[in-house]
């Protein structure tokens, strides 16, 4: 357990010692504020445009989970897995007194921590900008539930990205391939309803299911189990590939 | 290590490698480029999956007790890589987190040992090859391991760097009673540095650990012994 904790700290340090990790966090904060500023301007000038006041943080969440989150997750996962194979630093941790299972798990935990930090940052910036720009938020509980609920599919996406990264020995190839695979799945689900209903990428912003107006507990539970099944499959196959990886 | 076998898809690899490295040895693993030295090194540190045989380090089976086996091992395999985006201190702190008995002063001491004290907070990306090599050695030495595995440790070093590295290894073996397992394709280097040698040729072990002293009694030099072992009649 000590070696797992040690490696989680190491992997998180690795991620945050890279400038781009911090730059992306700052960019997300700026983008969140600018979106709020844009909405506030529209609301002031064009009152008839229905920008539902409380939905601003959730609207931001939808943009984040569908566009920016996959990008950040793929970047972090390809850096920590394939990127380290390419720059020959993966062997530095593989020769430490820590098992491959713990290394694989700690890398996933590190990316997950980064993702959760992103969620917290966007939540705080959206709430603060709403307060500063006087955008009224009618139901803070719904917003909090929405952000908390969306963390679950985000973590499944982390496991998926880690699985994809096992097929590549270069960080950039892994990143580009992950993005194309993600876009491919999204495009295919547009044409195939069965795929659309059953693929985890459809539910990256499933918060609407947890909101008071549209809650369907049974459907929510069903989707939760579906997401967990994806998580287990991707984790197991990803770990198998990582364990067999030759450096 | 007993019966270590690893054959790659192209048919190359190593077959039935068996030898023991005893406590206190500076054990040289000599062979030409492509003989399979790095494959063996990777096999005994878990970087490669071996197809046959087993490796025991300080009584622990590498396969089933990996963490215990590697707890007392420091290794530099293939190239002396470090995290370039980290400072020398961060690189060492990375190792220290795995061991409860490594303190800040141990990091300072090891930096002093490899002459990197003045570069403690400098990023490794700005280091010369020799400095990176010394930082990699510091990483391997920091936990004060009982066994140090070094793959071609003097590769890329200039004459001064090579002599420094050689002296450091001899000093550590003598003062800290560390055991070294060193691969090299340089006969002269092994002769000057090691007290035992095993020779690998075309993926097979030619001998499994002979004392350099005894070799010198029977042969003019390690080079003569090497040629005698790998070529018919002792000539190339």
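Protein chains in written order, with the working numbering: chain W, 1 to 247; chain D, 1001 to 1236.
From the three backbone atoms N, C-alpha and C, an ideal C-beta is built for every residue, glycine too.
Checklist entry - Which residues, in chain order, does the region 1024-1049 of chain D contribute to contact with chain W at a C-beta distance below 8 Å? => result Hits within the stretch, in order: 1042, 1045, 1046, 1047, 1048, 1049.
Does residue 96 (chain W) have its Cβ less than 8 Å from a Cβ in chain D?
yes
Less than 8 Å separating the beta-carbons of residue 65 (chain W) and residue 154 (chain W)?
Yes.
(message) So residue 10 (chain W) contacts chain D; which residues on that side make the cut at Cβ distance below 8 Å?
(response) 1094, 1097
Residue 1112 (chain D) versus D:1025, D:1127, D:1029, D:1089, residue with shortest Cα-Cα distance: D:1089
Legend entry - Which listed residue (D:1016, D:1006, D:1007, D:1001) has its alpha carbon closest to that of residue 1206 (chain D): D:1016
* Asked: If we ignore side chains and look at the alpha-carbon of each, how far apart do residue 97 (chain W) and residue 1071 (chain D) end up?
  -> Their backbone Cα atoms lie some 5 Å apart in a straight line.
With a 10 Å radius around its C-beta and 16 neighbouring C-beta atoms as the bar for buried, classify residue 129 (chain W) as buried or exposed.
buried
* What residues from chain W crowd round residue 1160 (chain D), counting only those whose CB sits closer than 7 Å? -> Near residue 1160 (chain D) there are no residues of chain W at all, since even the closest Cβ is about 26 Å away, more than 7 Å.
For residue 1114 (chain D), count the other beta carbons within 10 Å of its own beta carbon; 16 or more makes it buried, fewer makes it exposed. Which is it? Answer is buried; the Cβ neighbour count reaches 16.
* With C-beta atoms as the reference, is residue 1098 (chain D) less than 8 Å away from residue 1148 (chain D)? -> Residue 1148 (chain D) is positioned such that its CB atom lies no closer than 8 Å to that of residue 1098 (chain D).
Q: State whether the region 1011-1031 of chain D contacts the region 183-193 of chain W, with contact taken as three or more CB pairs (one from each stretch) at a distance under 8 Å.
A: no
| message | Which residue marks the beginning of the alpha helix (DSSP H) containing residue 1188 (chain D), and which one marks its end? | response | 1187-1193
*asked:* Using a Cβ-Cβ cutoff of less than 8 Å, which residues in the same chain neighbour residue 231 (chain W) once the five nearest sequence positions on both sides are dropped?
replied: Within the same chain, residue 231 (chain W) has close Cβ partners 155, 156, 159.
query = Is there a Cβ from chain D that is less than 8 Å from the Cβ of residue 134 (chain W)?
reply = no
Exercise. Where does the unbroken beta strand (DSSP E) through residue 1206 (chain D) begin, and where does it stop?
Worked result: Segment 1204-1211, the beta strand (DSSP E) holding residue 1206 (chain D).
Let's see if you can read the secondary structure: which residues bound the beta strand (DSSP E) around residue 1076 (chain D)?
1073-1076
Beta-carbon spacing of residue 1043 (chain D), residue 1203 (chain D) below 8 Å:
no
Are the C-beta atoms of residue 77 (chain W) and some chain D residue less than 8 Å apart? no
Taking beta-carbon pairs under 8 Å, can you tell me which members of the region 164-193 of chain W lie near chain D? none
_Rounded to whole angstroms, what is the Cα-Cα separation between residue 1190 (chain D) and residue 1162 (chain D)?_
Roughly 12 Å between the two C-alpha positions.
Inset, instruction - Count the other CB atoms, across all protein chains shown, that sit within 10 Å of the CB of residue 1121 (chain D); report buried if there are 16 or more and exposed otherwise. - result: exposed
| task | Could you please give the first and the last residue of the uninterrupted beta strand (DSSP E) stretch that includes residue 1128 (chain D)? | result | In the DSSP assignment, residue 1128 (chain D) falls outside any beta strand (DSSP E) and carries neither an H nor an E.
task = Taking the CB atoms as reference points, tell me whether residue 1062 (chain D) and residue 1055 (chain D) lie closer together than 8 Å.
result = yes
Quiz item: For the region 1051-1080 of chain D, which residues have a CB atom closer than 7 Å to at least one CB atom of chain W, in sequence order?
Solution: 1066, 1067, 1070, 1071, 1075, 1077, 1079
Contacting residues, own chain, Cβ-Cβ under 8 Å from residue 1074 (chain D) (five flanking each side not counted): 1139, 1140, 1141, 1142, 1143, 1145, 1147, 1148, 1149
Q: Just the C-alpha distance for residue 88 (chain W) and residue 70 (chain W), rounded to the nearest angstrom, thanks.
A: 26 Å
Using 8 Å as the limit for Cβ to Cβ distance, is residue 15 (chain W) near chain D? So, not an interface residue.
| Do you know offhand how far residue 147 (chain W)'s Cα is from residue 127 (chain W)'s? | 12 Å
Exercise. Please list the residues of the region 84-111 of chain W that have a C-beta atom closer than 7 Å to any C-beta atom in chain D, keeping them in chain order.
Key: 88, 89, 91, 92, 94, 95, 96, 97, 98, 99
query: Which of helix, strand or coil does DSSP assign to residue 1059 (chain D)?
result: For residue 1059 (chain D), the secondary structure class from DSSP, reduced to helix, strand or coil, is coil.
What is the rounded straight-line gap between the Cα of residue 170 (chain W) and the Cα of residue 179 (chain W)? 14 Å
For residue 22 (chain W), return the contacting residues in chain D, with the cut-off set at a CB-CB distance below 9 Å. Here the premise fails: no neighbours, minimum Cβ distance about 12 Å.
- Item | Coarse secondary structure for residue 1021 (chain D), derived from DSSP in three states | Looking at residue 1021 (chain D) - three-state DSSP - the assignment turns out to be coil, as it is neither helix nor strand.
I'd like the list of long-range same chain contacts for residue 151 (chain W), defined as Cβ closer than 7 Å, with 5 residues on each side in sequence excluded. 116, 119
Exercise for review: Can you have a look at residue 78 (chain W) and say buried or exposed, based on whether 16 or more other CB atoms are within 10 angstroms of its CB?
Suggested key: buried
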